[in-house]
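Heads up: the structure comes next, in structure tokens.
Here's what the structure looks like:
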């Protein structure tokens, strides 16, 4: 899709995936408005670390996705919306579920209402593989039952249902993109890959991890961004969802040892009960099927896990002691 000159709004632009998406859109000469969470530090999150010449091309709107007025202002004259703003921490959702409903469901409602008034041409709503719960068949296709095993997953199922309803009720041009486990530079330390890498960098004698048996489908952030862009392609049916995944899975145990091999050593794993989810909340096996998106757009991930991990390790090791947010386990 030709993005040059398109007016594009990215909500959650200050986060992990959002910041990479903004950089990509700027490289394609799009006119990007970055909707970032307002804070007293005037920080644009990870966008503060991108090259100055790129940042100068971005229009910044600071606010809260739960505020209908600021969202409405941000959507004016916009052609395409990528909606990534969300609370995403599964553990935090156990203690603050109301916040997840307000941000993930009511926040999306504000975006959809504004998009409806402004006749936005395309709306990409970013979902999560967590909505599938424990797999009833593998690989997981888009028609898999939605089984919420955490308040976070429940909030995203609610958001997806809202998006479906607006596509059907108001003929809004909505696509639901569903990334599986994205990883790469800028990811929060609470995610499993940066958790393991940071412990190697810090020279820990044992790796403190939770349950290492679950298997996950990992996609490098550059591939995820291109998957999101492909969801803007002409010909995709509105009101449909599309998995962004690798069609492969690796256990947390094997992942930890793979990272160790890239460091040239292996550290024994120590079981840390503080890192466990509630028993019935843990999802044991997530491996997706990206055939639907491939059939429509020919998208598939091209960066191998070894290559993606090497890039992530290199980024995390560079100037580690001065890395902003390196101790911030809640930054998305």
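In full-length UniProt numbering, the protein residues as written are 1 to 332. Ideal Cβ placement from N, Cα and C applies to all residues, glycine included.
By the neighbour-count criterion, in which 16 or more other beta carbons inside 10 Å mark a residue as buried, residue 4 falls on the exposed side. Counting the other Cβ atoms within 10 Å of the Cβ of residue 59 gives fewer than 16, which makes it exposed.
In this chain, the alpha helix (DSSP H) harbouring residue 257 covers 252 to 263. In the DSSP annotation of this structure, the continuous segment of the beta strand (DSSP E) that includes residue 11 starts and ends at 7 to 11.
Remark: three or more beta-carbon pairs, one from each stretch, lie closer than 8 angstroms, so the stretch 78 to 88 and the stretch 112 to 132 are flagged as touching. When secondary structure is reduced to three states using DSSP, residue 63 falls in the strand class. Non-local C-beta neighbours of residue 109 in its own chain, meaning closer than 7 angstroms and more than five positions away in sequence, comprise 162, ordered along the chain.
Taking a 10 Å sphere around the C-beta of residue 156, we find 16 or more other C-beta atoms and assign the residue as buried. For residue 179, the enclosing beta strand (DSSP E) stretches over residues 174 to 179. Taking every protein chain shown into account, the CB of residue 280 has fewer than 16 other CB atoms within 10 angstroms, so this residue is exposed. The alpha carbon of residue 318 has as its nearest neighbour, out of 67, 202 and 63, the alpha carbon of 202. The beta carbon of residue 84 is closer than 8 angstroms to those of 10, 11, 12, 13, 15, 17, 18, 21 and 126 in its chain, skipping five residues each way along the sequence.
Beta-carbon to beta-carbon, residue 282 and residue 214 are separated by about 6 angstroms, close enough to satisfy the 8 angstroms threshold. Relative to the Cα of residue 105, the nearest Cα in the group 153, 187, 259 and 310 belongs to 153. Using a Cβ distance threshold of 9 angstroms, residue 204 and residue 259 do not count as a contacting pair. With contacts defined by Cβ atoms closer than 9 angstroms, residue 75 and residue 135 do not form a contacting pair. Note on the stretch 60 to 104: whole alpha helix (DSSP H) runs with a minimum of 4 residues are 68 to 75, 90 to 95 and 97 to 100, in chain order. Restricting attention to 271, 222 and 148, the CA atom closest to the CA of residue 206 is found in 271.
Shown here, residue 107 sits in a helix according to DSSP, grouped into three states. With respect to the 9 angstroms criterion, residue 177 and residue 183 are not classified as neighbours on the basis of their beta carbons.
The three-state reading of DSSP puts residue 41 in coil, since its state is none of H, G, I, E or B. Counting only the Cα atoms, residue 141 lies some 20 angstroms from residue 233.
Note on residue 186: 16 or more other CB atoms within 10 angstroms of its CB, so buried under the neighbour-count rule. For residue 249, no alpha helix (DSSP H) run applies, since DSSP gives it neither H nor E. When the beta-carbon positions are compared, residue 37 and residue 65 come within less than 9 angstroms of each other. Residue 313 counts as buried, since no fewer than 16 other beta carbons sit within 10 angstroms of its beta carbon.
The three-state reading of DSSP puts residue 285 in strand, counting E and B together. Residue 122 sits in a strand when the DSSP states are folded into three classes.
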